[in-house]
Amino acid sequence: MKPTIRAMRIREAKDFLVTRTVEQAALEGVPLSDLEKRMMYFTETGECPEDPLALNEEFEKEYDTDEYETKVKRLLANAHRRLKEERSPAVAEWEESLKALDQTDDYILILCDRSPLARLGNPEALPSVLFFVFRLGFLVLAAYVVWNFLKFLLRITGISGASLFGVIFVIIFLAVAIRPQIATELTARPMTWLTGFLFKKRRSDADRTG
């Protein structure tokens, strides 16, 4: 009979997995810096212990993302395998951690190599998945409407699409040349908004998982 484990909150789930990663790194003699541990808490859509944009910027200056993800994924996989071989009660806590995190789209899910199919198998994550599908459909519909409206305006004004986009490109190019940080603002901010719109939890989810 499996032990009964109370439902975890998102921060508790992250703390548990980070602790296991640190433990496994120590066993294998793999260096794991404070910044690498902090990055495991990164999220653009949920509650982050620190400014996520500043954290990501600091991290990218010092580490290669692909190498980092490969290392942490291996540590987590080895830790999970070891706990199962030891028949540790922590295995049940591990599963509860993933159930809690399945209701989010936080970075640690990538590090856990948590596949979308595995998440769909978790009934608690289904409302979040359906909410994501609804928002994605809304964005596709909005993009379709805007695109057809632009085509209509171009047709009635006689302006070619190439000319319009050419003017926009020149304006953006000059703006970036004058103020280079605009390039970051034009990419980071829209992506942050888009990620937040698609993945942020419903209020009921946030109140439940905190």
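Our numbering puts the sequence shown at residues 8 to 217.
All C-beta atoms, glycine included, are put in the ideal place defined by N, C-alpha and C.
Note that the structure is predicted; figures quoted are calculated from it, not measured.
Here Met47 is near Val79, since their CB atoms are less than 8 Å apart. Between Ile117 and Glu76, the C-beta gap is smaller than 8 Å, which places the two residues in contact. Taking the C-beta atoms as reference points, Phe23 is found nearer than 8 Å to Glu100.
Cα atoms of Leu83 and Pro59: separation of roughly 22 Å, rounded to the nearest angstrom. One Cα belongs to Ala169, the other to Phe180, and the distance between them is close to 16 Å.
Rounded to the nearest whole angstrom, the C-alpha separation of Glu54 and Ile163 is 47 Å. Between the beta-carbon of Arg16 and that of Ala107 there is about 7 Å, and that keeps the pair under the 8 Å contact cut.
In this structure Ile166 is exposed. Its beta-carbon is surrounded by fewer than 16 other beta-carbon atoms within 10 angstroms. Excluding five sequence positions before and after Leu42, the CB atoms of its chain that fall closer than 7 Å to its own CB belong to Glu65, Phe66 and Glu69, given in chain order.
Annotated three-state conformation of Tyr48 is coil, per DSSP. The Cβ-Cβ distance between Arg45 and Leu62 falls below 8 Å.
Less than 8 Å separates the beta-carbon of Thr52 from that of Asp112. Taking 4 residues as the minimum length, the alpha helix (DSSP H) runs contained wholly in the segment 155–186 are 168–185, in order along the chain. Take Asn85, set aside five residues on each side of it, and the residues of its chain with a beta-carbon closer than 8 Å to its own are Gln31 and Glu35, in chain order. Here the C-alpha atom of Leu39 lies approximately 9 Å from the C-alpha atom of Thr28. For Leu157, the closest of Phe172, Thr50, Glu103 and Phe49 by C-alpha to C-alpha distance is Phe172.
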